[in-house]
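Line by line, the protein sequences are chains D and H.
Counting in my numbering, the final residue of the first sequence is number 492, and the numbers go up one at a time with none missing.
Counting in my numbering, the final residue of the second sequence is number 1492, and the numbers go up one at a time with none missing.
Read through the structure below, which is laid out as structure tokens, and then see the notes.
2 protein chains.
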Amino acid sequence: MLTQNQETTKSINWQPIIKEFIKVLGEKGVVQRKEELITYECDGLTSYKQRPPVAVLPRTTEQVSQIVKICNKYQVPFIARGSGTGLSGGALPTDNSVLIVTSLMRQILKIDLENQQAIVQPGVINSWVTQAVSGAGFYFAPDPSSQIICSIGGNIAENSGGVHCLKYGVTTNHVLGLKIVLPDGEIIDIGGQIPEMPGYDLTGVFVGSEGTLGIATEITLKILKAAESICVLLADFTSVEAAAASVSDIISAGIIPGGMEMMDNISINAVEDVVATNCYPRDAAAILLVEVDGLDVEVTVNKQKVSEVCLKNGARNITVASDPETRLKLWKGRKAAFAAAGHVSPDYYVQDGVIPRTQLPYVLKEIAALSNKFGYQIANVFHAGDGNLHPLILFDNAIPGELEKVEEVGGEILKLCVKVGGSISGEHGIGADKKCYMPDMFSDTDLETMQWVKQVFNPDNLANPGKIFPTPRTCGEAAKASLQNFPNVERF
Amino acid sequence: MLTQNQETTKSINWQPIIKEFIKVLGEKGVVQRKEELITYECDGLTSYKQRPPVAVLPRTTEQVSQIVKICNKYQVPFIARGSGTGLSGGALPTDNSVLIVTSLMRQILKIDLENQQAIVQPGVINSWVTQAVSGAGFYFAPDPSSQIICSIGGNIAENSGGVHCLKYGVTTNHVLGLKIVLPDGEIIDIGGQIPEMPGYDLTGVFVGSEGTLGIATEITLKILKAAESICVLLADFTSVEAAAASVSDIISAGIIPGGMEMMDNISINAVEDVVATNCYPRDAAAILLVEVDGLDVEVTVNKQKVSEVCLKNGARNITVASDPETRLKLWKGRKAAFAAAGHVSPDYYVQDGVIPRTQLPYVLKEIAALSNKFGYQIANVFHAGDGNLHPLILFDNAIPGELEKVEEVGGEILKLCVKVGGSISGEHGIGADKKCYMPDMFSDTDLETMQWVKQVFNPDNLANPGKIFPTPRTCGEAAKASLQNFPNVERF
């Protein structure tokens, strides 16, 4: 299907298409100049780059629908893009497609505190939602590290997680309803104002579908009441295994922390070098950051319990932060960890695998073994409570062939995750980056079933072609096909 | 599609089909005798009855797959049935279909306490899951009133709720993965052992699809750690509005009770007449049952807060039950409320609408007005915290024409729910009963999109035909078509 689209690439005459776009959006809503289009050549996964032929900036559902209908008329593919912070290349353009950028769709359309919901446009920045309701004592729970820049539309596409998703669930658990422009331009409403609706749960299918089923243009989000009390504990360990064991033991003790994050020695030092929190012990093998929230009395009891579990597992020290400033300081390092890795190493490649929590000690040991075997430093900084790993493989891309080797290490880690009953993606999505690993996780029939569903929404494969699904099936073949899909992709 | 199936009804030669069934299941696994088949002529919605031509009782996934393949070979529809406690006619047979009964698929296949999950067959009774893990301090959260008899497979089909779903979510929030026999007999695995998986969320689509997308044969459930402490409060009000206002105020105070149920005067008296809890004040206009759970300290604070809110709203009395026996006694009346209504009235018709919580006082007033207008007593007993209403319309079906009038009242209530932004089903499903109201809630495009998805899984419409979707669209037309779909349905 994609190949068909691409076969027509050479012959696409963009002029009439762009003329129609301008009729809908005005000159300013259509980006055609090459130097402006460079902004859009990649998302957060910078190892794939492709400048799109044209980008459009609609402001309303109706405009998105009209743009998509024009794309249908000329049978050109389109790709939606939010803030471009995605880490799996989900918003990577192709050389024959229109990039539909939602960054002018930034209105919070409605806030209904009584029913604890807000309706927003897809370009609204994640942290703006909390800002808009925090004065009244509410917040929006999913909080990716990129929350001050990533968009709600992107969160929907990738079903984003974040530090607080251990207790409160990832994006899909916080979306009540969606207005969607289907890949043929039709506008539909799915879900609604209440959590459970009859009929098939199309909202559930759409969230995490990485732009392949349409474009969400109005999103009804759940808003939560802020906890009475919050406390962050930093526990400092001399072994990674002890930190990992504490994670399981805390959950087994019946505590569900608001967040529970682990950082290893490499991450700690990277963060201290760059952000200088001066809170993280540079000689620790690993630290755990555990946030407990709830009633004052509940937090008092739970912080005591968490401390006991960590001490029993051999923690050297526990730092407790109850005031907002110290809490923020403790979290700051964690949130800046990816950026810090980028400062201490010329390049890094981040993976996003998930494992059953109880497999943490084993998998971390295996990752260490891979690090030794391949000779790359691997920093581990991740959502430990969810078993959602983010190994950062540090390397120097100036050395030819390194990226390929590093991707191989990343692949080994993902296969390890699948082997222990886990997943190749927790929150970053599959995108262009990981589709070749889908057959490691899903059978042919499973993948076919998903693609049947795709076919229903997106029969002409115009919405974000070449993402999620491997074609053909093996990784090597998929890699080759992937290059065909993105013929002009430049490796950075 | 269905009509096609039914056109062939007259000419179905069951003998070769049954012979093939017996080859798979043995004589005992195939029910053919008319007097035995009467068991299966309806589910909990007894106003529709249809004896199936044949019922089969498989024990394994492989057997279900073989049965379904035989159905495909002969192009006869099939309908899955669990314990038959459903309240929307989801398991109502047709006169040309095979009933696949899961009541011999009652094995708990695996319990993994470390990762807090259990794998069960679909015929496993809901409360057995909790029984199996409670010794170790765990439980399965969704708890329909019928939990001592309803099956997990049925819970999956209808996305069942229950008293504790306010805090912990309905069935879909507690299903990690499914092994499914597709409508063509193929076996696939969706979801897995960890909460978030890449690709489309097919588990989410399947849960609540009412048997129209296939049959779940192995279900991976989430198991929760039991709370340290539980306390149930019974608040007694002299006005329904005051009770309803307390519901909103409790949530606004930042408390999410484990459960929050309301019963009005009619329900209270029905329950006391039949179950004699001797706890419910017969002269109260309404009672609220509020369960708070968590840490000891948390429960102490929250029960205080709940009491204060109720007293502020004019509660006459608050009874607090902290010991398991008294708690059970307070809940017993609520769980027996439907059965009690069946004792105090010759018949009752129960609806299952959902409204935004803040609309409770308004909607309850309107229901009272409908009760006056049509001259039927309506008992209200429901999941107040979720805004999930269960009005029980009391009537005497011996009087000709009453059922039709009562269904009209039920329809008016559902339309009222939709008008205030709610839903026509919270947890009982659409089934055969409410499909004519789907267009009140969803646009043509929305319904078409769902049916595209159905088409993908169930292209020959062999899996549970005639359920969920109205064909044609208006209620009157659908009612007529419904009779065509179920030509031999006997009104009780």
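Glycine residues also receive a C-beta, built at the ideal position from the N, C-alpha and C atoms.
Within a Cβ cutoff of 6 Å, which residues of the same chain sit near Val-1299 (chain H), ignoring the five residues on either side of it in sequence? Ser-1229, Cys-1231, Val-1292
With DSSP collapsed to three states, give me the class of Glu-7 (chain D). Because Glu-7 (chain D) carries a pLDDT of 41, less than 50, the predicted location of this residue cannot be relied on, and no value is offered for it.
What's the C-alpha gap between Ile-1367 (chain H) and Thr-1277 (chain H)? 27 Å
Listed by chain order, chain H residues near Val-453 (chain D) by CB distance under 8 Å: Tyr-1200, Leu-1202, Val-1205, Val-1453, Val-1456
So with Cβ pairs under 8 Å, would you call Gly-1258 (chain H) a contact of chain D? no
When the Cα of Phe-374 (chain D) is compared with those of D:Asp-440, D:Glu-407, D:Pro-361, which residue comes out closest? D:Glu-407
Do Cys-150 (chain D) and Gly-82 (chain D) come within 8 Å of each other at the CB atom, strictly closer than that value? yes
In three-state DSSP terms, what is Ser-1229 (chain H)? strand
When you measure from the CB of Leu-416 (chain D) to every non-hydrogen atom of the ligand COA, does any distance come out below 7 Å? The model on display carries no ligand, and the ligand COA is accordingly not part of it.
For Glu-1241 (chain H) versus Phe-1382 (chain H), is the C-beta spacing smaller than 8 Å? no
If we count Cβ pairs, one from each stretch, closer than 8 Å, do we get three or more for the stretch 123-141 of chain D versus the stretch 349-362 of chain D? no
Work out the CA separation of Asn-388 (chain D) and Gly-422 (chain D) for me, nearest whole Å. 9 Å
With distances taken between CB atoms, is the gap from Pro-58 (chain D) to Ile-70 (chain D) smaller than 8 Å? no
Quick check: the Cα distance between Gln-1455 (chain H) and Gly-1466 (chain H), rounded to an integer number of angstroms? 13 Å
For Val-354 (chain D), which residues in chain H fall below 9 Å Cβ to Cβ? Ile-1194, Pro-1195, Glu-1196, Met-1197
In this structure, how does DSSP classify Pro-361 (chain D) when only helix, strand and coil are distinguished? helix
Any beta carbon from chain H within less than 8 Å of Phe-140 (chain D)'s own beta carbon? no
Buried or exposed by the 16-neighbour rule on C-beta atoms within 10 Å, applied to Leu-1002 (chain H): Low confidence applies here, because Leu-1002 (chain H) scores a pLDDT of 33, under 50, leaving its location unreliable; read the following figure in that light. So Leu-1002 (chain H) counts as buried.
Lys-179 (chain D) - partner residues in DSSP beta bridges: D:Asp-189, D:Glu-218
Leu-1389 (chain H) versus chain D: which residues are under 9 Å apart at the beta carbon? Simply none; closest approach about 12 Å.
Let's see if you can read the secondary structure: which residues bound the alpha helix (DSSP H) around Glu-1291 (chain H)? First-last for Glu-1291 (chain H): 1286-1294, but that is the beta strand (DSSP E), not the alpha helix (DSSP H).
Quick one: give me the first and last residue of the beta strand (DSSP E) that Val-1098 (chain H) is part of. 1098-1101
Rounded C-beta distance between Glu-210 (chain D) and Gly-431 (chain D)? I'm assuming under 8 Å. 6 Å
Using a Cβ-Cβ cutoff of 9 Å, what residues of the stretch 216-239 of chain D are near chain H? List them in chain order. Lys-225, Ala-226, Ala-227, Glu-228
When burial is assigned at 16 or more other CB atoms within 10 Å of the CB, is Gly-323 (chain D) buried or exposed? The sequence given here places Asp at residue 323 (chain D); Gly does not occur at that position. Asp-323 (chain D) should be labelled exposed.
Measure the alpha-carbon distance for Leu-25 (chain D) versus Gln-63 (chain D) and round it to whole angstroms. 7 Å
Which residue from D:Phe-338, D:Ser-97, D:Ala-384 puts its Cα closest to that of Ser-145 (chain D)? D:Phe-338
Grouping DSSP H, G and I as helix and E and B as strand, with all else coil, what is Val-309 (chain D)? helix
Is the separation between the beta-carbon of Asp-433 (chain D) and that of Gly-89 (chain D) shorter than 8 Å? yes
For a test of the three-state rule: what should DSSP assign to Met-1438 (chain H), helix, strand or coil? helix
Unbroken alpha helix (DSSP H) run spanning Tyr-168 (chain D), endpoints: 165-168
Residue-level contact to chain H via CB, Gly-208 (chain D), 8 Å cutoff: yes
Can you grab the Cα-Cα spacing for the pair Cys-1042 (chain H) / Val-1306 (chain H), in whole Å? 42 Å
List in chain order: all unbroken alpha helix (DSSP H) runs of 4+ residues lying wholly within the stretch 1350-1414 of chain H. 1360-1374
Output the residue ranges of the alpha helix (DSSP H) runs that lie fully inside the stretch 135-169 of chain D and measure 4 residues or longer, sorted by chain position. 152-158, 165-168
Rounded C-beta distance between Thr-238 (chain D) and Ala-270 (chain D)? I'm assuming under 8 Å. At roughly 19 Å, the Cβ-Cβ gap does not stay under 8 Å, so Thr-238 (chain D) and Ala-270 (chain D) are not in contact.
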